[in-house]
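Those letters in the sequence shown? Residues 52 to 194, by this note's numbering.
Working notes, beginning with the structure itself.
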Amino acid sequence: MEDYKNIIVAVDGSESSKAALQRAIQVAKRNQATLNIVNVIDTRVWASLEARNREKLEEDAQQFATSLLASYDDAEKAGIEHIEIMTEAGSPRTVITQEVAPRIGADLIICGATGVTAAERILLGSVSEAIVRTAPCDTLVVR
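Quick look at the structure:
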């Protein structure tokens, strides 16, 4: 069995990502690993917005991400000693695997099976599917 030392868990506020966080806490605790809790603000829709609307949307998204990540204190309560909380911007499909994972030297990425609507999955594919296909390390998708 692999020893994981640097784990990413992708969170977006969905029930699926909450389950992923709980699994990530278990794995991080068992391996005495650093747990990197990452929320990616999806900026793909911002390109078509007027500048003033985009500024407000960016501000609101950042506030949401900050409050979302602040609510994930379960890891600390579970006794995880090394916790990093990150807010990134861009497409979650690429930011997690192509930017965050290499930058921090991740050896495991954990994500929820679903976090988007059925229509978004049909049009765009799921984030978890993209992570599995492009990750530079092991992945775990939690149902």
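By construction, the Cβ of each residue, glycine as well, lies at the ideal position given by its N, Cα and C atoms.
Please read these numbers as outputs of a predicted model, since none were measured by experiment.
{"Asked": "Rounded distance between the beta-carbons of S67 and T165, thought under 8 Å", "Found": "5 Å"}
{"Asked": "T117 burial status per 10 Å Cβ neighbour count (16 or more: buried)", "Found": "exposed"}
{"Asked": "Helix, strand or coil at D189 according to DSSP, with G and I counted as helix", "Found": "strand"}
{"Asked": "Rounded separation between I155 and K107 - CA only", "Found": "30 Å"}
{"Asked": "Inter-residue Cα distance where the pair is R172 and V178", "Found": "Summary for R172: the model assigns pLDDT 49, below 50, so the residue's position carries little reliability; its value from the coordinates is reported in the next sentence. Each residue's Cα considered, the two are about 8 Å apart."}
{"Asked": "For E109, the three-state DSSP class (helix, strand or coil)", "Found": "helix"}
{"Asked": "Per-residue DSSP class, three states only, for A61", "Found": "strand"}
{"Asked": "Beta-carbon proximity check, L86 vs A140, cutoff 7 Å", "Found": "no"}
{"Asked": "Whether I76 touches A129 by CB criterion (7 Å)", "Found": "yes"}
{"Asked": "Per-residue DSSP class, three states only, for A157", "Found": "coil"}
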